[in-house]
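Visitor: This structure is in structure tokens; I'll ask about it shortly.
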Amino acid sequence: MIERRCEVTHAAAQGGGDLATTLDHVALGVVLFDAQPDLLYANLQARRILGTSISFSNGRLATHGTQQSAQLRQALNGAINSGERSGALSIEQDSGYPLLVQFISLGDPQVSAGARAAMFLIDTGSAPQFSEQLAAKLFALTPTEARVAAAMLRGLRGDEITLSMGITATTFAFHLRNIFRKTGVTRQQDLVALLSRAAALRLSE
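Just so you know, the numbering used here puts 270 at position 159 of the sequence shown, and the rest follows in order with no gaps.
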């Protein structure tokens, strides 16, 4: 998944306006840096985060704590100058939910032009936004199956889903079996994990 994000992000850095627009509909924050480092691009989600949990000024990343600020700058420097991929850094936020940050190298350290590193931001306090239309499109679900899948991602139990949709437990089980078959998973926790990853796309219809 990270490799694919890297490919898309790199293409956006090369001037693809359509791809840059697409990245504005991605649920995770994406920030591109050049070798200086200067900030070249930040998608919509990243712009919401920058200036609150993380700031960038005069070529320096910073957050609330001195140690975490140093970790951010070290990871960015490693991605730009050594081609390193950082592990996931956990940044404290006022909400109490950590911000997960990862840096990816995008270019040859010997080449100075263009985007050299990407920073991915995941706010663990943000509920995944997953429309029924997207569920239907990605997994060929019927409208009712898509409603069931979206409700499960919101954390509703089976009895809550049957009550809110006005269906029987037998009908719910029937739809759930179809969802499993179409998504290729066999357990509810695996289904929720799959839908959560898909929610990160959050592409326009």
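Glycine is no exception: its CB is placed at the ideal position from the N, C-alpha and C atoms.
Measure the beta-carbon distance from I215 to R196 and round it to whole angstroms, keeping in mind my assumption that it falls under 8 angstroms.
Guide: About 6 angstroms; that satisfies the 8 angstroms criterion.
Visitor: Pick out whichever of T235, A226 and N188 has its Cα sitting closest to the Cα of D205.
Guide: Nearest C-alpha to D205: T235.
Visitor: Evaluate Q147 with the Cβ neighbour count: other Cβ atoms within 10 Å of its Cβ, from every protein chain shown; 16 or more gives buried, anything less gives exposed.
Guide: The residue is exposed, with fewer than 16 neighbouring Cβ atoms inside 10 Å.
Visitor: Here's a check: name, in chain order, each residue in its chain whose Cβ is nearer than 8 angstroms to the Cβ of T297, leaving out the five neighbours to either side.
Guide: Cβ within range, chain order: F291.
Visitor: What does DSSP give as the partner residue(s) for S201 in the beta ladder?
Guide: Answer is L211, bridged to S201.
Visitor: Applying the 10 Å Cβ sphere with the 16-neighbour rule, what's the burial state of T273?
Guide: By the neighbour-count rule (16 or more Cβ atoms within 10 Å), T273 is buried.
Visitor: Identify which residue in G225, L161, R268 and L264 has its Cα closest to the Cα of I202.
Guide: Nearest option by C-alpha distance: L161.
Visitor: What do you get for S164, buried or exposed, if any count of 16 or more other CB atoms within 10 angstroms of its CB means buried?
Guide: Per the 10 Å Cβ criterion, buried.
Visitor: Quick check: the segment 270-289 against the segment 241-259, are at least 3 beta-carbon pairs closer than 8 angstroms?
Guide: Segments in contact, yes.
Visitor: Compare the beta carbon distance of L139 and L151 with 7 angstroms and say whether it is the shorter of the two.
Guide: Going by C-beta atoms, L139 is not nearer than 7 angstroms to L151.
Visitor: Taking 8 angstroms as the limit between beta carbons, can you name the residues of its chain near V303, skipping five residues before and five after?
Guide: Only M263 and L264 meet the Cβ criterion.
Visitor: Please report the straight-line C-alpha distance between C117 and N188, rounded to a whole angstrom.
Guide: Annotation note: pLDDT 46 at C117 (below 50); position unreliable, coordinate value reported separately. Roughly 17 angstroms between the two C-alpha positions.
Visitor: Where does G127 sit, in a helix, a strand or coil, going by DSSP?
Guide: With a pLDDT of 49 at G127, under the threshold of 50, the modelled position of that residue is not reliable, and no figure is offered here.
Visitor: Would DSSP call G162 helix, strand or coil?
Guide: In this structure, G162 counts as coil in the three-state DSSP scheme.
Visitor: Put L267 into one of helix, strand or coil per three-state DSSP.
Guide: If DSSP states are grouped into helix, strand and coil, L267 belongs with coil.
Visitor: Sorted by chain position, which residues of the same chain lie with C-beta nearer than 7 angstroms to F250's C-beta, five sequence neighbours on each side aside?
Guide: So the qualifying residues of the chain are K293 and T294.
Visitor: Kindly provide the ranges of any beta strand (DSSP E) runs that are 3 or more residues long and lie completely inside the segment 241-308, ordered along the chain.
Guide: Correct list: empty.
Visitor: Can you look up S180 in the DSSP assignment and give me helix, strand or coil?
Guide: The answer is helix: DSSP assigns S180 an H, G or I state.
Visitor: Is the beta carbon of A228 less than 7 angstroms from the beta carbon of L211?
Guide: Not in contact: A228 and L211 (Cβ atoms no closer than 7 angstroms).
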